[in-house]
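J.:
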Amino acid sequence: MPPHPDTRETLIRRLPQADDVEAWDAFVEIYEPLLFRLARSKGFQQADAEDFVQEVLTAVAKAVGRWVETEDRGTFRAWLFRIAQNLAINFMTRPKHQRLGSGDSQIAGLLAQHPDPHGESTQLFSLEYRRELFRWAAEQVRLKVSERQWRLFWMTSIDNQPIAQVAAEFGLSVGSVYIARSRITKRIRETIQTLEEQAR
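Note that the UniProt record's numbering gives residue 84 to position 84 of the sequence shown, counting from 1, and the numbers run on in steps of one.
(1) Could you compute how far the alpha carbon of serine 157 sits from the alpha carbon of leucine 38?
(2) Quick one: give me the first and last residue of the alpha helix (DSSP H) that leucine 152 is part of.
(3) Return helix, strand or coil for phenylalanine 44, following the three-state DSSP convention.
(4) Within 10 Å of its beta-carbon, does threonine 191 have 16 or more other beta-carbons around it, so buried, or fewer, so exposed?
(5) Near valine 177, what residues of its chain come up, given a Cβ to Cβ distance below 7 Å and the 5 sequence neighbours on each side ignored?
(6) Helix, strand or coil for serine 182, going by three-state DSSP, please let me know.
(7) Could you pull out every residue in the same chain whose Cβ sits closer than 7 Å to the Cβ of threonine 58, ignoring the five residues on either side in sequence?
(8) Kindly indicate the opening and closing residues of the alpha helix (DSSP H) around glutamine 165.
(9) Are the region 181 to 191 and the region 136 to 152 in contact at 8 Å, needing three or more beta carbon pairs?
(10) My parser needs the alpha helix (DSSP H) runs of 4 or more residues fully inside the UniProt domain "RNA polymerase sigma-70 region 2" (28 to 94); what are they?
(11) Once DSSP output is grouped into helix, strand and coil, what is the label at alanine 112?
(12) Quick check: what's the CA-CA separation for glycine 175 versus serine 182?
This is the structure:
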């Protein structure tokens, strides 16, 4: 796993270089699980969801150079969602196992369509994006703290165990558990905030 899957603009500007394996690995680490869950939420079977993800990544590879060069392009995440949404519709309406052609005109047509920014799919994509960011940020923070601190955070914040119970289990004061949880929560928030600020 790369130490810092980086979606800031400097990384996105590297994506048009197909041989930049590090940039693509970082991009795929964050967005592949997100795209896969989006496909599954639309009812795609496992194999179809995997095919869909590959088609989205292929479309991004072909079109990201144009996105980088466009001045009024909007956010990368919105652009990626538009591609994913349009490809999902295309995927569901074309005959089974017929792959999207590789011509740029088909991709340009998909990019010209705009999903409803307040629609259910847009909200789902946004929610899945937030979840993926949390997973990634939590993993980054987990690697930098002690196992004990991590367990205190996880048991009280994610597993929702009572703080007093966790404190007793670890032989700590309730205040110590609150402090450990608060510090890790803050680090996760800061990690997410940094990544999002850099991706604008």
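We put the beta carbon where it would ideally sit given N, CA and C, even for glycine. It should be emphasised that the depicted structure is a prediction, and the values quoted were computed from it without experimental measurement.
T.: Well, looking at it:
(1) C-alpha of serine 157 to C-alpha of leucine 38: approximately 26 Å in a straight line.
(2) 147 to 153
(3) coil
(4) Label assigned to threonine 191: buried.
(5) Leu152, Thr156, Ile163, Val166, Ala167
(6) helix
(7) For threonine 58, where only same-chain residues beyond five positions count, there are no Cβ hits under 7 Å.
(8) Taken as a continuous stretch (DSSP letters only), the alpha helix (DSSP H) holding glutamine 165 covers 163 to 170.
(9) yes
(10) 46 to 69, 76 to 93
(11) For alanine 112, the pLDDT reaches just 48, beneath the cut-off of 50, and the residue's location in the model is therefore unreliable, although a value from the coordinates is still provided. Here alanine 112 carries a helix assignment [DSSP, helix/strand/coil].
(12) If you take the alpha carbons of glycine 175 and serine 182, they lie about 10 Å apart.
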